[in-house]
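**Student:** What follows is a structure written as structure tokens; I'll ask about it next.
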Amino acid sequence: MPSRNYLAVTLLVCAALTLAGCGTNSIKVCPLASCGCGQDSDVCLAPQFLYANGVNGLVTAFPIDNNTGALGQSTSVSTARATDSLGMAVLNDQFLYVSSPLVSISGESSIDAWSINGGTDALVTVSGSPFGLGPLSFAAGLATNEAANVLYVGDAGRIDALKADENGVLTAISGSPFLSGTNLYLTVDPQNRFLFASADDPPGSVFAFTIDSTGALAAVAGSPFPTIPNFGGNTRPYEIVVDSSGSFVYTTLSETGQIAAFSIVTPGGALNPVPGSPFTIGDTPVSLTTVNNFLYASNGTIYGYSIAPGTGVLTPLSGSPFPIHGGALTTDIFGRFLYVSSSAGIFAFTIDSTTGALAPIAGSPFPNAGATVLTIAR
925 MPSRNYLAVT LLVCAALTLA GCGTNSIKVC PLASCGCGQD SDVCLAPQFL YANGVNGLVT
985 AFPIDNNTGA LGQSTSVSTA RATDSLGMAV LNDQFLYVSS PLVSISGESS IDAWSINGGT
1045 DALVTVSGSP FGLGPLSFAA GLATNEAANV LYVGDAGRID ALKADENGVL TAISGSPFLS
1105 GTNLYLTVDP QNRFLFASAD DPPGSVFAFT IDSTGALAAV AGSPFPTIPN FGGNTRPYEI
1165 VVDSSGSFVY TTLSETGQIA AFSIVTPGGA LNPVPGSPFT IGDTPVSLTT VNNFLYASNG
1225 TIYGYSIAPG TGVLTPLSGS PFPIHGGALT TDIFGRFLYV SSSAGIFAFT IDSTTGALAP
1285 IAGSPFPNAG ATVLTIAR
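In terms of this note's numbering, the sequence shown is residues 925 to 1302.
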């Protein structure tokens, strides 16, 4: 995701323009080069780009039309080994990282890294990339800590914490790797206070860690937290996210066809089940994304839920499940557009800010079949 600080500043600019009466009654997002007060209030927003990686072994960049959400002409760079990646992340809008679960002859998986040329989709390979994770590693999901410039990697029974220097070069921080369950996916809350990792060890649980100023992890008291208390089988939790307020954690339960929901107890970071959790979604849910007070999940089709601000309870949106075939999910920084990967390409939708309903964007799907991960940068 793009910088949270950048998003906050842009929203403040938007509010200031509206209060100043700059324009009539709506907000228009415009390119920097054409920004100015006109018929509508203009918010100067730097270009956004959607990045995709998948079965073709390429990282493909699409410019995003900030007004319509449509994707422009793509460009691609090849990766060292990253095909069918399980993780892609942007760190402070400067560096793009992709995990490669494919193991080398030495039994080592790796992270591919590029620097991002702000304002364009150009990617330049970071010196030393790809970065190996050591013997018997399995690089999967990625998460970032923008305050400490740290990239976290879901690995085989551990979490790697890698510091990015000013050039994007990755080096393990003191104490890394940190022990965890058999996790593929992890997430960091918006305030960089906690890291949560889904663990496939029966009966299925979520590991919780506090994050210190260096990015180091320490287990939260009571961790791991079961996805379904007293469950006799294995829920097999998969992708995991924190909502935009930093109050709730959600993870898909691929074995039981549900979404487990937790509230985050601050300041310690313990997890309590949300009333009514787990919530039914259907067979083999995979991907999740949250934006504003909405959560979207895919299990071949796309389900949408509203998130109750005080409790985190999920309520299906009107029209959900939406007749969309898809896999990986991501949204733009304003939360106005949803992007969904599929075998037919990348589908793009507008998100109704009141109801969460999805409407197809003209030109969708955009060519890029089989992406397993998506992310946004500027």
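C-beta atoms are modelled at their ideal positions from N, C-alpha and C, and glycine is treated no differently.
Values in this document were obtained by computation on a predicted structure and should not be read as measured data.
(1) With a threshold of 8 Å on Cβ separation, who are the neighbours of PRO1289 within its own chain once the five nearest residues in sequence on each side are excluded?
(2) By DSSP, does ASN1069 sit in helix, in strand, or in coil?
(3) Would you call the CB atoms of PRO1120 and VAL1077 closer than 9 Å?
(4) In the DSSP assignment, find the unbroken beta strand (DSSP E) run with ALA976 in it and report its ends.
(5) Using only alpha-carbon positions, find the residue among ALA1283, GLY1236, ASN1216, GLY1081 that is nearest to SER1244.
(6) Distance cutoff 9 Å, beta carbons only. Does GLY1056 sit that close to anything in chain B?
(7) So what does DSSP say about ALA1121, is it helix, strand or coil?
(8) Please name the residue in ASP1017, ALA1140, ASN1107 whose C-alpha comes closest to that of THR1095.
(9) Judging by CA-CA distance, which residue of GLU1179, LYS1087, ASP1207, PRO1291 is the nearest neighbour of ASN1073?
(10) Over the uninterrupted beta strand (DSSP E) stretch that includes PRO1059, give me the two end residues.
(11) With DSSP run on the structure shown, which of helix, strand or coil describes SER958?
(12) Less than 8 Å between the CB atoms is what I'm expecting for ARG1082 and PHE1055, so what's the real figure, rounded?
(13) Heavy atom of the ligand ADP less than 8 Å from the Cβ of GLY981, yes or no?
(14) So for GLN1018, helix, strand or coil by DSSP?
(15) Which class does ASP1036 belong to by DSSP, given the choice of helix, strand or coil?
**Tutor:** So, to answer that:
(1) SER1266, ALA1268, GLY1269, ILE1270, PHE1271, ALA1272
(2) strand
(3) As written in the sequence, residue 1120 is Phe, which differs from the Pro given in the question. No, the Cβ-Cβ distance between PHE1120 and VAL1077 is not below 9 Å.
(4) 972–978
(5) ALA1283
(6) In summary, chain B is missing from the structure at hand, where a single protein chain is found.
(7) strand
(8) ALA1140
(9) LYS1087
(10) 1055–1059
(11) Bear in mind that the predicted position of SER958 carries a pLDDT of just 43, short of 50, making it unreliable; the figure below should be weighed with that in mind. Helix at SER958.
(12) Their Cβ separation, rounded to whole angstroms, is 16 Å, which puts ARG1082 and PHE1055 out of contact at 8 Å.
(13) Only the bare structure without any ligand can be found here, which leaves the ligand ADP out of the picture.
(14) coil
(15) strand
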